[in-house]
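Structure, as structure tokens:
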Amino acid sequence: MPLVDTESAFTSSNEGDNWVAVSPKLVTARRLVLAVGLLPFTTVVIIVLLWLGAAPTIPIIAAAAATVIFIWAWWLIGRRVRSYAYCERGDDLLVSSGILFRRLVIVPYGRMQLVDVKAGPIDRAFGVTTVQLHTAAATTDAAIPGLEPNIAADLRDRLARKGETRSAGL
Amino acid sequence: MNDHTCSSPADPPQTAPASRSSIGDDLGLGLAVPGSRLIDADGHRKVHPISPVIYAVAVFPAIAGIAFAAGIQRISSLAEGIGGVPGLSFVSPIVAVILAFALIALFLSVLVAAFQYLEWRAFSFWFDDDGDFRVQSGVLLRQQRRVQVSRIQAVDVTQPFAARLFSMAVVVIEVAGQDDSRVRLKYLTLADAREIRREVLARSAGLASNTAEAPQDEVARVPAGRLALSLVMRVTTAALLLITIVIIVVSYLTGGWEAIGVALLTGGVPLLIVLSEFVRYYGFTVAQSPDGLRLRYGLLRTESRTVPPGRVQAIEYVEPLLWRRKAWARVLVTIAGVGTESSGANNGRSDTVLIPVASVEQAHDIVARVLPSLDTASLTWVAAPIRAKRRSPIQWRNLAVGWDERSFAIRRGRVTRRLAVVPHARTQSVRWTQGPWERMFDLASMHVDTTPGPVSVSGLHLDAAVSRDIAKHQADAARRGRQIDNSIHWAAS
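For the protein sequence lines, the chains are A and B, in the order given. So for the first sequence, the numbering used here puts the first residue at -11; every next one is plus one. So for the second sequence, the numbering used here puts the first residue at 217; every next one is plus one.
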């Protein structure tokens, strides 16, 4: 398994915990979104500043700030994507994510109400999809982004099957 | 208002296990209409034919209010105009204008009644061949709703003010679901409403539809004085009222009344909240019946709710600072599908209170009736480490998580202490989170997710590694809990 961030995997020993990382393609997709979002925004801001007749130092500072944010976000995206990992255990699914705000979600198969597979246009272009789990609790919020479409479909089917055999009432 | 007992706050809690409960007693305000068992051509039942009139009565004050608000500024010019009309000279022009507004409001109310009459004709309900409950409605957009009786969370009888004028009631059937999935049958005579509730509850509990209505024993009743006192003694309310008194006293002593506007705000808002909760929870009664706890409350709008024990997802004891000397607690409850409605006048709060104020023993007794497996004494507690002080300097001393064979619990809050409990079998998922601030002190929080409701089960700022282990163990405990859980079939056991 490549790319598993050992920091966000389990610290305490656990036999059989088999963490799977998400596809590195997600890094490219997210970085593209970052570039597509930040570049035009910065350009517009600089043009407006020049148009308003600001001193030439101000647009330069703005451009420098945008560059710093860009590099920081570029680096953070890499780490964030590496922090995503999931682990199918006997009776539940673990999803781990986050760098600044770290989280681990444990969803028992019997509690899954539906499993969504979704992908936006950019995700589709890069061949990644998101698997989202829903339980009766609104706060569950377990999403695994950046899965290859066939892996995502397999995971969905597996989860649905496991959920069916273990399903329980509210 | 015929059966509310207003006791003084000094009265002991009135527990009268054998006394006849007043839940379901008629709170009618005079007009009584004979019952109706109308059945349409398909053999489906109808709500009472007086319903359109009740709708009209219910909207009349609002329409009249809008009419007056819109016309009040022009009232004198309108009066002048009317004053010129011959034949109206026997009334003063102002009275004539007010009468005209009242007539307009009346006319609009009649329109509402006419529209509701069409709705009434289209509305019917019945049990289908599978035993499921069906409701058909809609004049232009016909809609048929099928409610699986096994999915019914609760059946309640409420009496809005307009309905009480006619001794009528509304049956509200709660179904587990995300959106507005409750079914309302408006309006029925109280006897019919109770009959339908009995039938739906009997069917949802898997009993024959002609099972007699469950008997009920009164468990607790909140005296009006205690309710008022408890509402005033909540921390924020008490603090704001204290500030108001200080402002008024200082203003009086110094003779400068500049700050009195602030006093209106700090005093007015909490008083409004106290008043609205007092009106809502007035005469709160808890009674035990075999199909669950029956709650009834309300001064103007009377509500009656049934809390089936198997549908309780989580409960929480709330103890504000000033209640502790009196050993009082409020109990909140999360029931699947209840209190999640975002629209309408119901803001969800009234749906989620098991008892607004009770002595701690009384609260334990009531909770034991909906969560029989809970035993707070047998919980093993793990407290937050001392270094949690640096994350939460005030509440750190009370932060802890605890568990036993059947339940998981958390403690939090210092000024207002909270104890939340979720049975293992009701755990939806388990989360472990760590923010940057927590990470600095090697702390983390764990949360047990339940269906949406007022209770959030979050064990805050625990030791990072310990909480991670507890989270994983909780997932296992939840699985075992589901296997041994049989409370879904609570009526059969």
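Here a beta-carbon is modelled for each residue, glycine too, at the ideal position from N, C-alpha and C.
Listed in chain order, the positions of the region 76 to 92 of chain A with a beta carbon within less than 7 Å of a beta carbon of chain B are 79, 80, 88, 89, 90, 91, 92. Collapsing the DSSP output to three states places residue 402 of chain B in a strand. Legend: CB atoms of the region 88 to 119 of chain A lying less than 8 Å from CB atoms of chain B belong to residues 88, 89, 90, 91, 92, 93, 94, 95, 96, 98, 99. About 16 Å separates the beta carbon of residue 479 of chain B from that of residue 489 of chain B, a gap too long to meet the 8 Å contact definition.
DSSP, read as helix, strand or coil, puts residue 643 of chain B in coil. Counted as a single uninterrupted DSSP element, the beta strand (DSSP E) harbouring residue 533 of chain B occupies residues 528 to 536.
Looking at A:99, A:107, A:149, A:116, the one whose alpha-carbon comes closest to that of residue 666 of chain B is A:99. For residue 128 of chain A, the nearest CB of chain B lies under 8 Å from its own CB, placing it at the interface with that chain. Its chain contains 11 as the residues whose beta carbon lies nearer than 6 Å to that of residue 136 of chain A, once the 5 sequence neighbours on both sides are disregarded; these appear in chain order.
Contact holds between the region 495 to 506 of chain B and the region 434 to 446 of chain B, because three or more Cβ pairs, one in each stretch, are under 8 Å apart. At a cut-off of 8 Å between C-beta atoms, residue 364 of chain B does not count as an interface residue with respect to chain A.
By the 16-neighbour rule on beta-carbons within 10 angstroms, residue 492 of chain B is exposed. Comparing C-alpha distances from residue 514 of chain B to each of B:528, B:524, B:498, B:526 shows the shortest one belongs to B:498.
Shortest Cα-Cα distance from residue 58 of chain A to any of A:81, A:83, A:41, A:23 involves A:23.
The region 134 to 148 of chain A makes contact with the region 99 to 110 of chain A; the number of CB pairs closer than 8 Å reaches 3 or more. Chain order gives the chain A residues near residue 651 of chain B as 89, where near means a beta carbon separation below 7 Å. Here residue 281 of chain B carries a helix assignment [DSSP, helix/strand/coil]. With a contact defined as Cβ atoms closer than 8 Å, residue 635 of chain B and residue 474 of chain B miss out at about 44 Å.
If you check the CB distance, residue 325 of chain B and residue 339 of chain B do not come in under 8 Å. Note that the region 407 to 416 of chain B does not touch the region 541 to 554 of chain B; fewer than 3 beta-carbon pairs, one per stretch, sit closer than 8 Å. Nearest C-alpha to residue 538 of chain B among B:573, B:487, B:371: B:573. At the C-beta level, residue 69 of chain A and residue 143 of chain A stay beyond 8 Å of one another. Of all residues in the region 49 to 61 of chain A, none is placed with a Cβ closer than 9 Å to any Cβ belonging to chain B. Taking a C-beta distance under 8 Å as the contact criterion, residue 486 of chain B and residue 525 of chain B do not qualify as a contact pair.
Identification of chain B residues near residue 45 of chain A by a Cβ-Cβ cut-off of 7 Å yields none; the smallest Cβ-Cβ distance measures about 33 Å.
If you ignore the 5 residues before and after residue 605 of chain B, its C-beta comes within less than 7 Å of the C-beta of 612, all in its own chain and listed in chain order. Boundaries of the beta strand (DSSP E) around residue 341 of chain B: 340 to 343.
With its beta carbon less than 8 Å from one in chain A, residue 645 of chain B belongs to the interface. Here residue 685 of chain B carries a helix assignment [DSSP, helix/strand/coil]. Here residue 380 of chain B is not near residue 535 of chain B, since their CB atoms are 8 Å or more apart. 121, 123, 124, 125, 126, 127, 128, 129, 130: these are the residues of the region 121 to 146 of chain A whose beta carbon lies less than 9 Å from some beta carbon of chain B, given in chain order. Looking at B:640, B:670, B:675, the one whose alpha-carbon comes closest to that of residue 627 of chain B is B:675. In the displayed model, residue 134 of chain A falls within a strand according to three-state DSSP. Counted as a single uninterrupted DSSP element, the beta strand (DSSP E) harbouring residue 676 of chain B occupies residues 673 to 679. The residues 105, 117, 119, in chain order, have a CB closer than 6 Å to that of residue 140 of chain A in the same chain once the five nearest residues on each side in sequence are set aside. With the rule of 3 Cβ pairs closer than 8 Å, the region 329 to 336 of chain B counts as touching the region 267 to 274 of chain B.
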